[in-house]
Every structure is written in structure tokens, then in C-alpha cells.
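Remarks on the structure that follows.
Chains as they are written, first to last, in my numbering: chain A, 1 to 209; chain B, 1001 to 1209.
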């Protein structure tokens, strides 16, 4: 694992990737770091610094070739491979994530889901079968799942994470409103919607009359 | 608007807030920057730098008093005020966000929702009434909505953002998979689930046999 690259630089690579795809869709072949940074409303020094962790891209005074940089970032982020994922908790959020096209475009395929609700168990939704949470360990092994996406309520999240750490799961994307702690074996990324909203209220408070 | 504070520092404040609440729930009155940083698996220099944008907290060699720092961060992030929000697009994700307790804890109240589906329009779900998207401008004005949360499909997002920019909306939290661009009047935060997942695949690719 490359320890030198800051956490946030890795997250920003995804934003660069999405912006580059936008440029490519509009048939723009080459972008300057300034254009890309302006489009994303970020500092272009930051952009160049982030990319510099992974090598030299683009030509000085010319810019980055979109298509080559897209491929390069995809490789850096591991998005040129395919991954199998499971959604744990098939409520509104679990469903939304199960059907989220963006994940498939990244090579992450949600193969199964788990829930406690008898009405959902053993049913299939858009090709995703819902299993009982009791079968978690068995199905994860059988389906060779690498990534778990947790959307269960807060009180259930830690127990699920503990059970997952005993399976061969390699990474957890956690949407439950609790900071799950990583064991040495398993990688956890905690997602907090409130954090994105607080960014807005931070700025709004300056505008409020 | 304080332009000197980096975007990511503001986002990180929310993580610090959540972690401090965890400490408080466990009856821990004072934490050191090292404890807090270790808990969040981040660098404690980063933590101290982020907080330093907003003043001096804690006593050297003693640490931060949890409860006072929680209040201070809430004030910084505008979470000591109340805000009215609307969810636009009442699909799985829209519903999940409408019922997300974390928003209310932050003082953000989702008052109404909008959709194009006749089956949902004019119905109430957990106290949130769904209106036709045609009534967007009228209801936003009537309900004095300040924040819009967009969860419509990609193809519809730009039109909605344009319509919102003509209302008195002050900020948009955008979950549609497109980078919406900010006009001078309106603040936009784009959320990308793929970005969080790519952080995991970035690290996983080093682990793959």
C-alpha cells in the first residue's frame, strides 16, 4: 500500500476522473490543469500536486490528453479491474445503492443483498437476490464477495462489521451513521451525508440575514 | 465567506464532530488531538491545523474539552441554526435521505419532496408531502426552502438546477451523477458515491493476488 499519498488526494482523483469524462463527452481531446481545476472550482496547484504522486502526465504548455489520463486514473484507482460487492441492509438506501449505475461503470458489481425483513428475503430485485442476514458468512464465501456496503441502522452496524471481519471481505463502505473502526485485516471507508450538508450550512450561515 | 479555509478542512470538521460525539457518549470529557486523530486514523498535525483556522481550542498538554469543542464546531458549521430543505426526486435515494435522522440532528429539516410520479404526488410519507415537480417554484417560495437536495436522474439534474437558481434557494446538495456548476447566486456540493468506493478499490488493488 502506498502510504505517501494523502487520503483526500485519492478521493479527489475520482472527481478529476468524472470531470475528464465530461470533457471527453463534449469531444474535448486535451485539457489544461487550469481548465480542469476551474471546472471543478479547485486550485490548479492542488490538482497538479495530486497527479504528481502518480507520475508525470501531460505536456508543459499543452495540457493533459483526456482519454489517456482517464485510463491512467482508472488504473491508479483499481477501476480497470472488476470487484464483487454485497449490500447489507436492503432499505431505501440499500436499494438506491444496489441499482446505482455508477458502481458498475467502476467495475464494482453488486451481486447479492442481505436483510432481516422476511418480505424481502429470497426475492430478486433487478437481478439482485436478497438473502437472510443469517446466511451472511455462507453467501459471502460462496459468491466470493470482496466489498461489503453497509446500510443497516446504527445499532446493528458494529455487529455486522465484526461478522464481516471474520469472512474473507477485504473492504467495507459504511453508510451507517457511526465511525466503524478498521481491524488490520479489513479496509473501511465511512460515508457521512451530514458532512456534505454541513459544508453547505457552513457557507450559508455567512449569507443568512 | 471565509475564503482562507480549505474545502476539505470544512468537510473534516464534520468528522471531528462525529468522533467527539462518540467520545462524549462514552463519558470521556477531554481528548488530546492525538487521541482524536488516532481514532479517525488521520494525522494529528492535520487535525490541529484544521482547527487552528477557527481559533485556539484546548489547553496545551491537556487536550480539548469534548463538550465545548462540539458546541464550537457546531457553531462554525452553522449547525446551531435551523434550515429548511426539499428533496427533489423521491426514488429510493430521495426517500432514504428524507428519512435520514442525521440531517435533523444537524438542524436541517426536510419539509417537502418533489417527484414526477403521479402515484407519489400529493401523498405524505413520514410527515413529508410529495408535490409535483411542476409546482417546484411555487412550493419552494411558500415553504421558504433554503436547501435543495437533488436525487433526480442525470439527464434531469441540470434543468432542475437551472429552475432552482431562479428560486430563492441558497444551496444545493447534488446526488445526481453529474458535476452541477455553481452560478454566483447558489452554492452547490456534488456528492459522488463512486468516489468513496474508488478509495477502497485503490487500496484493494494492492492486496489482490
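C-beta atoms are modelled at their ideal positions from N, C-alpha and C, and glycine is treated no differently.
- Does DSSP put residue 135(A) in a helix, in a strand, or in coil? Within the first chain, residue 135(A) is the residue found at index 135, counting from 1. Reduced to three states, the DSSP call for residue 135(A) is helix.
- Pick out whichever of 122(A), 56(A), 52(A), 16(A) has its Cα sitting closest to the Cα of residue 39(A). As a working mapping, residue 39(A) is identified with position 39 in the first chain. Measuring from the Cα of residue 39(A), the nearest candidate turns out to be 16(A).
- At least one CB of chain B closer than 8 angstroms to the CB of residue 72(A): is that the case? Your numbering for residue 72(A) matches position 72 in the first chain. No - not a single Cβ of chain B is within 8 angstroms of the one on residue 72(A).
- Message: According to DSSP, is residue 1090(B) part of a helix, a strand, or is it coil?
- Response: One-based indexing of the second chain puts residue 1090(B) at position 90. Residue 1090(B): coil per DSSP, three-state reduction.
- Message: Along the region 168-181 of chain A, where does the CB come closer than 7 angstroms to a CB of chain B? Name the residues.
- Response: 170, 171, 173, 177, 179
- Item | Chain-ordered neighbours of residue 1014(B) on chain A, where CB pairs are closer than 7 angstroms | Translated into the one-based positions of the second chain, residue 1014(B) becomes position 14. Neighbours of residue 1014(B) on chain A, chain order: 192, 194, 195, 198.
- Query: If you scan the region 1042-1126 of chain B from start to end, which runs of the beta strand (DSSP E) of 3 or more residues do you find wholly inside it?
  - Reply: 1083-1088, 1108-1115
- In whole angstroms, what separates the C-alpha of residue 1186(B) from that of residue 1082(B)? As a first step, residue 1186(B) is located in the second chain; it is residue number 186 there, counting from the start. As a first step, residue 1082(B) is located in the second chain; it is residue number 82 there, counting from the start. When rounded, the distance between both Cα atoms is 19 angstroms.
- Item | residue 190(A), DSSP secondary structure in three states | Working through the first chain from its first residue, we reach residue 190(A) at position 190. Note: residue 190(A) maps to strand in three-state DSSP.
- Can you grab the Cα-Cα spacing for the pair residue 1203(B) / residue 171(A), in whole Å? As a working note, residue 1203(B) is residue 203 in the second chain. As a working note, residue 171(A) is residue 171 in the first chain. Cα-Cα distance, rounded: 9 angstroms.
- Message: For the region 90-117 of chain A, list every residue whose C-beta sits within 8 angstroms of some C-beta in chain B, in sequence order.
- Response: 91, 92, 93, 95, 96, 97, 99, 100, 101, 102, 103, 105, 106, 107, 108
- Own chain, CB closer than 7 angstroms to residue 1079(B), minus 5 neighbours either side, in chain order: Counting from 1 along the second chain, the entry for residue 1079(B) is found at position 79. Correct list, in chain order: 1106, 1107.
- Item | Cβ pair residue 1123(B), residue 1112(B) closer than 8 angstroms | As a first step, residue 1123(B) is located in the second chain; it is residue number 123 there, counting from the start. As a first step, residue 1112(B) is located in the second chain; it is residue number 112 there, counting from the start. No, Cβ-Cβ distance for residue 1123(B) and residue 1112(B) is not below 8 angstroms.
- Taking only beta-carbon positions, decide if residue 146(A) is within less than 8 angstroms of chain B. To locate residue 146(A), count along the first chain from 1; it is residue 146. Chain B, which has a Cβ nearer than 8 angstroms to the Cβ of residue 146(A), makes this yes.
- Task: For chain B, find out if any of its Cβ atoms is closer than 8 angstroms to the Cβ of residue 36(A); answer yes or no.
- Result: Here residue 36(A) is taken as the residue at index 36 of the first chain, counted from 1. With 8 angstroms as the cut-off, residue 36(A) does not count as an interface residue toward chain B.
- Query: Along the region 1077-1088 of chain B, what residues have a CB closer than 9 angstroms to any CB found in chain A?
  - Reply: 1077, 1078, 1079, 1080, 1081, 1083, 1085
- Message: I'd like to know whether the C-beta atoms of residue 149(A) and residue 200(A) end up nearer to each other than 8 angstroms.
- Response: Translated into positions along the first chain, residue 149(A) becomes position 149. Translated into positions along the first chain, residue 200(A) becomes position 200. In this structure, residue 200(A) does not lie closer than 8 angstroms to residue 149(A) by Cβ.
- From the DSSP output, in three-state form, read off residue 147(A) for me. Residue numbering aside, residue 147(A) sits at position 147 when the first chain is read from its first letter. In this structure, residue 147(A) counts as strand in the three-state DSSP scheme.
- Task: Quick one: which residues of the region 1017-1035 of chain B get their C-beta closer than 9 angstroms to a C-beta of chain A? List them in chain order.
- Result: 1017, 1018, 1019, 1022
- Task: Identify the continuous beta strand (DSSP E) that holds residue 171(A) and give its terminal residues.
- Result: As a first step, residue 171(A) is located in the first chain; it is residue number 171 there, counting from the start. 171-174 is the span of the beta strand (DSSP E), which, as asked, contains residue 171(A).
- Starting from residue 1185(B) and walking both ways along the alpha helix (DSSP H), at which residues does that stretch end? In the second chain, the residue the question calls residue 1185(B) occupies position 185. Note, residue 1185(B): premise wrong, no alpha helix (DSSP H); not H, not E.
- Residue(s) in a DSSP beta bridge with residue 1152(B): Residue 1152(B) sits at position 152 when you count from the first residue of the second chain. None, per the DSSP bridge assignment.
- Euclidean distance between Cα positions of residue 207(A) and residue 36(A): Walking along the first chain from the start, residue 207(A) turns up at place 207. Walking along the first chain from the start, residue 36(A) turns up at place 36. Roughly 28 angstroms between the two C-alpha positions.
- Please report the Cβ distance between residue 115(A) and residue 133(A), rounded to the nearest whole angstrom; I am assuming they are in contact, meaning their Cβ atoms lie under 8 angstroms. The residue given as residue 115(A) occupies position 115 in the first chain. The residue given as residue 133(A) occupies position 133 in the first chain. Right, the Cβ-Cβ distance comes to about 7 angstroms (below 8 angstroms), so this counts as a contact.
- Task: Using three-state DSSP, classify residue 128(A) as helix, strand or coil.
- Result: Residue numbering aside, residue 128(A) sits at position 128 when the first chain is read from its first letter. Correct three-state label for residue 128(A): strand.
- Query: For residue 1031(B), which beta-bridge partners are listed by DSSP?
  - Reply: Walking along the second chain from the start, residue 1031(B) turns up at place 31. Residue 1031(B) pairs with 1064(B).
- CB-CB length for residue 180(A) against residue 157(A), believed under 8 angstroms: Stepping through the first chain from its first residue, residue 180(A) is reached at position 180. Stepping through the first chain from its first residue, residue 157(A) is reached at position 157. Contact flag correct, Cβ pair sits at about 6 angstroms.
- Listing by chain order, which chain E residues have their CB less than 8 angstroms from the CB of residue 8(A)? Chain labels in this structure do not include chain E; the protein chains are A and B.
- Would DSSP call residue 195(A) helix, strand or coil? For the purposes of this step, residue 195(A) is identified with residue 195 of the first chain, where counting begins at 1. Residue 195(A) falls in the helix class under three-state DSSP.
- Query: With a cut-off of 8 angstroms, does the C-beta of residue 1064(B) fall near any C-beta of chain A?
  - Reply: Position 64 of the second chain holds residue 1064(B). Not closer than 8 angstroms to any Cβ of chain A, the Cβ of residue 1064(B) fails to qualify, so no.
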